[in-house]
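Novice: The first sequence runs contiguously to residue 1614 in this note's numbering.
Below are the structure tokens for one structure; questions will follow.
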Amino acid sequence: MIQDAPRSDTTRFDKPYSHRDVEERWYRHWLDRGYFAADGQSTNPKRFSIVIPPPNITGSLHLGHALNNTLQDILVRWKRMQEYNTLWLPGTDHAGIATQNVVERQLKSEGSHREALGREKFIQRIWRWREESGRTIITQLKRLGASCDWNRERFTLDEGLSVAVREVFVRLHQEGLIYRGERLINWCPRCETALSDIEVEHEEIKGTMYYIKYPLADDPDQFLTVATTRPETMLGDTAVAVHPEDPRYNKLIGKKVLLPLTSRTIPVVGDPILVDREFGTGAVKITPGHDFNDEKAGQRHRLGTISLFDHRGRMDPPALSEREAKVLPQLTEQLGYKPVQEARKLIVQWLEQKGCLIKVEDHRHTIGKCYRCKTVVEPYRSPQWFVKVNDPKNSLAAPAIDAVRDGRIRLIPESWKNNYFGWLENIQDWCISRQIWWGHQIPAWYCKRCDENVFKITGTITVIGINAKPIVQIDAPQKCERCGSTDLIQDPDVLDTWFSSALWPFSTLGWPKKTRELEIFYPTSALVTSFDILFFWVARMIMMGLHFMKDVPFRDVYIHALVRDAEGQKMSKSKGNVIDPLAIMEKYGTDALRFTLASMASPGRDIKLSEERIEGYRNFANKIWNAARFLLMNCPSNAKTYLGNPLPDPATLSLADRWILSRLQRVVASVNHQLDDYRFDGASRELYQFLWHEFCDWYLELIKPTLYGTDAAAAKRTRTVAIHVFETVLRLLHPFMPFITEELYQMITPVEGSITVAPFPMENTAWMNEAVEQECESFQRVVEGIREMRGVHGIPFSKKLSVVVRVANPVVEHYLENNRPMITALAGLSALEIGPHVRQPVNAFTGPIIFPGGHAGEVFIPLPDAIYRAKEITKKEKRLKELTAQLALEEKKLSNPDFAAKAPPEILENTKLRRQELRLEHETLSAALQRLREMSGGTA
RNA sequence: GGGCGGAUAGCUCAGCAGGCAGAGCAUCCCGCUUACACCGGGAAGGUCAGGCGUUCAAAUCGCCUUCCGCCUACCA
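Dropping the structure here:
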């Protein structure tokens, strides 16, 4: 049910802004009114769409999410206000391994495990968890103000998305781009599943290099020494390689060596690819079952493969036995089911005992770890499903490269292109099967009768041999097409979560159905994401989008940085330096957090976030709030009466009014341009500067005399302008600070509705006025000159001054004369004399003022105190020195004939003008300094 | 080993289609001027990492060096 718009209680318009009740109140209102809903039937040609990078259901909001979604929300709110048909499609990702890990931990704490439950019950259990806890992050995104179309929220395991996944799988399989293969893959022994190459994190560690003696079979007194960091895998060696051109060893090629601790002999082979003569001993053991390079070498030399470990990374007794590795029986007994680390210790002990360990050295090298659980991964030979990414006849990668190369997709910042190309050009086939239960089960079935002999069942693990013939189709087949048996079994593996995320831009819009949404919103307009998933996600979406939609999934990819702590450290739970965005929002307000993130989102640079920074923008929110208070307090008949009407004729407006309207246009133009360029930082800086330092610091001060004055009509005109400008800025600021802007908008606008759907300001050059800005700047310089004098000498504002301003140029004189009341009020004057030939007061200090256009002026301030005088002399001498240096620089430029000849005329003019200004200031200042020295009678 | 990014005020960062070095925070001084002390006014603070070049002109463009990040690679 739609409720009335919440009312802001203006009687409780407290001095400091309090975000607490405001945020929740307005967010609920926006949802109630359905402002975030995209129009799925619209014919509006202006459309803007973004799909959210789906957060994990296991996640809770961290600053990376906060940044990512703030930026998306800024774009989306901006476009929505520009009357685009705007869709921001939200959702979550089932995060196969991570989610399964969470629930497995729960089971463990209950003394159970997934095998005890069985697949079906276990999955039910995860769904239950998902209903209870898996929506946390969605709630938190709402808290951040995300204006997603929540009615279209998707989940990668939704029925619709699952259909898309099966459709893609089957079609790629038909095209030969998905296949089963048995080879080494990265295996996490803790998660007990395969991982793709990029799910392995590489880390350099201080390890150990072991040098092991391999005696010749013919002549056990001679031996080869091999170096290895993984002695435990030596039991699976099937050869030793040397470089064919290495004179030390090449005569041994073709001979055999006795593999220590076993009863096997293995050949010595020559391999120029594997062996680097310079490294280690120049002799390398080949273990095709446990090393990717050795696997390739093994293929080159047609060597056998021995897999020593089981699926949990433990020594597998059958593999060690007489059948395969032929390990000494006593050692076999000791090694059975020992994990890698323990096995290594045993092997080293045994080698030492047998006199085969020559030496041990420290050695830095990299190891791979599971990106989910940080366990050391094992290369593990097993049958898996792969996507063939770079098939020369039907490549997925090549079109993805082209799309970026020819600009159909823009990466912002562009510097990511090289990374992107580099990765796609060297891409390997993508292992997509995972040996877990939570996810999209692979749509492949096997006939138990035909494939009976290829099933290998170890405990609860069913491994389907590589020779099995899968029936791949979208829905379960009724019977085996070969033998007619109905005894079928579905492939137990599930797909990599990223496989389903790769389809996200179109699966969420209804694909494979041909929906109106796809027509309207695909390709999406922009993708906002962090660089760390450029390969995981972005590249794969581009490949899948191009392959299945025949069009790019998005036009622009805005790649933002990581959020770090104030010291530049990556935030992590273990370091304890995590800033919780929810705590920040609670303390400083969501708007402050959002504005901070936006203002720090400079392309290509990580964000070092500190609380002081956020506090600063909380203060900004307060400043806005108090500007509103001021305006409302000075609008006796309520602000709303001023907004319905058009602006008064410029001719009737005060200088201040025309000035702020002119400045406003500059900001409007700039914010739009900056957002066009994804310069969130530039746009927020612009807004901050204008609102605080121009609107509040100058304009509101300038209009006070009018508001408090006796000319009611003038006051009314000024109120109209002030409210107009303020309301415009609120709309400009809304995408950045949605809550406070809505709260204030509702207070001042007579229109029923919401700022979320109010028009975004567009540049209106009619209000830009150079002359007005010059006039305003002229008297501002006088005010600043006097304020500086006050500041330097510590003269309080309460002490009124009598000031004389000498100005030769009649136009400038006119400007100042026009604004006499402003100068008097803002500089705190008791008297003000302006003119070309004004009398110079006795005992007055003076300061040069250079007006716009290079006109000279001077202010005289009576300060008959010797202490002031000494200070003044020091200060002026310093300034004079600066001026002399700068002037010399400009003179040098201008005296260079090449400069006049080659510099563009505009620069030449500017330089001349600058020289003129410097000369004038120098002249005035020198004279003033001279007078000061005379006044002080040589004592200073 | 390759690749990318960064080095500008005490701190965090803009500025880099060459043309006067900027902001915010922090510091110091003054100020209860009736929107705001989550404030106002002012000041101080810089070898633009270093070097060489291109140019009338370089923080900005090119090359080299140093130091910090990150990505990537099979050196056993």
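Yeah, the Cβ is synthetic: ideal placement off N, Cα and C, and Gly gets one too.
#1: Which one of L932, E1591, A1142 and D747 has the shortest CA to CA distance from R854?
#2: Quick check: the Cα distance between V1226 and K1282, rounded to an integer number of angstroms?
#3: Have a look at the DSSP bridge pairing and note the partners of W1172.
#4: Cutting at 8 angstroms between CB atoms, please list the residues of its own chain near L933, excluding the five before and the five after it.
#5: Which value, in whole angstroms, describes the spacing of the CA atoms of K689 and V1342?
#6: With C-beta atoms as the reference, is W1441 less than 7 angstroms away from Q1339?
#7: Report the three-state DSSP secondary structure of K1224 (helix, strand or coil).
#8: Following the continuous alpha helix (DSSP H) through W1333, name the residue where it begins and the one where it ends.
#9: Is the beta carbon of G1528 closer than 7 angstroms to that of E1591?
#10: Using DSSP bridges, identify the partner residues of M1411.
#11: Whole angstroms is fine: what's the gap from G738's alpha carbon to F1269's?
#12: If you count every other CB in all the chains shown that lies within 10 Å of the CB of G963, and 16 or more means buried, which is it?
#13: How far does the beta strand (DSSP E) with R1279 in it reach, from first residue to last?
#14: Using a threshold of 7 angstroms, state whether the C-beta atoms of N743 and A868 are closer than that.
#15: Return the CA-CA distance between L1603 and D1331, expressed in angstroms with no decimal places.
#16: Comparing C-alpha positions only, which one of I1135, I731 and C862 sits nearest to Q814?
#17: Nearest-angstrom Cα distance between S1336 and K1474?
#18: Near S1452, which residues of its chain fall below 7 angstroms by C-beta distance, leaving aside the five closest residues on each side in sequence?
#19: For the 8 angstroms Cβ check, are there 3 or more pairs between the region 1003–1022 and the region 830–846?
#20: Which residues in the same chain have their Cβ closer than 6 angstroms to the Cβ of P727, if we skip the five residues on either side of it in sequence?
#21: Going by C-alpha distance, which of L1587, L735, N1312 and F843 is nearest V1146?
#22: Could you tell me the distance, in whole angstroms, from the CA atom of T1613 to the CA atom of R1607?
#23: With DSSP as the reference, label N1100 as helix, strand or coil.
#24: Check for me: the beta strand (DSSP E) holding G1509 runs from which residue to which?
#25: Could you have a look at P889 and say whether DSSP puts it in helix, strand or coil?
#26: At the level of alpha carbons, what is the spacing between V839 and R864?
#27: Please classify M675: is it buried, with 16 or more other beta-carbons within 10 angstroms of its beta-carbon, or exposed?
#28: Pull up the distance between the alpha-carbon of A1302 and that of L1587, whole angstroms please.
#29: Does the Cβ of H693 have 16 or more other Cβ atoms within 10 Å, making it buried, or fewer, making it exposed?
#30: Using 8 angstroms as the threshold, is the region 873–880 in touch with the region 946–965, meaning 3 or more CB pairs across them?
#31: Once DSSP output is grouped into helix, strand and coil, what is the label at Q677?
#32: Taking 7 angstroms as the limit between beta carbons, can you name the residues of its chain near A1601, skipping five residues before and five after?
#33: In the DSSP output, what is W1616 paired with across the bridge?
#34: Looking at the secondary structure, which residues open and close the alpha helix (DSSP H) in which Q1023 lies?
#35: Whose C-alpha, out of E996, S1107 and R721, is nearest the C-alpha of D1167?
#36: Here's a check: name, in chain order, each residue in its chain whose Cβ is nearer than 8 angstroms to the Cβ of E1401, leaving out the five neighbours to either side.
Specialist: Reading off the structure:
#1: A1142
#2: 33 angstroms
#3: According to DSSP, W1172 bridges with nothing at all.
#4: Y888, M908, L909, D911, T939 and I940
#5: 28 angstroms
#6: A contact, by the Cβ cut-off of 7 angstroms.
#7: coil
#8: L1329 to D1350
#9: G1528 is positioned such that its CB atom lies closer than 7 angstroms to that of E1591.
#10: Looking at the DSSP assignment, M1411 forms no beta bridge with any residue, so it has no partner.
#11: 15 angstroms
#12: Buried.
#13: Counting along the chain, R1279 falls outside any beta strand (DSSP E), and DSSP gives it neither H nor E.
#14: no
#15: If I take the Cα positions, the gap works out to 39 angstroms.
#16: I731
#17: 32 angstroms
#18: V1486, Y1489, L1490, F1525 and P1526
#19: Cβ pair count under 8 angstroms is below three, so no.
#20: The beta carbon of P727 sits closer than 6 angstroms to those of T1203, all from its chain and outside the five residues before and after it, given in chain order.
#21: Answer by Cα proximity: F843.
#22: The predicted model places T1613 with a pLDDT of 45, which falls under 50 and marks its position as unreliable, so this point remains unresolved.
#23: coil
#24: It spans L1503 to G1509 - the beta strand (DSSP E) in which G1509 sits, taken as one unbroken run.
#25: Strand at P889.
#26: 27 angstroms
#27: For M675, the predicted structure reports a pLDDT of 36, less than 50, and the residue's modelled location is therefore unreliable. A value from the coordinates is still provided. Classification of M675: exposed, given that the 10 Å Cβ count is below 16.
#28: 41 angstroms
#29: buried
#30: no
#31: With a pLDDT of 44 at Q677, under the threshold of 50, the modelled position of this residue cannot be trusted; read the value that follows with caution. Coil at Q677, not helix or strand.
#32: Cβ within range, chain order: n/a, list empty.
#33: Absent from the model: residue 1616. The displayed extent of the chain is 675 to 1614, so no value can be given.
#34: V1014 to Q1027
#35: S1107
#36: L1317, Y1419, I1422 and T1423
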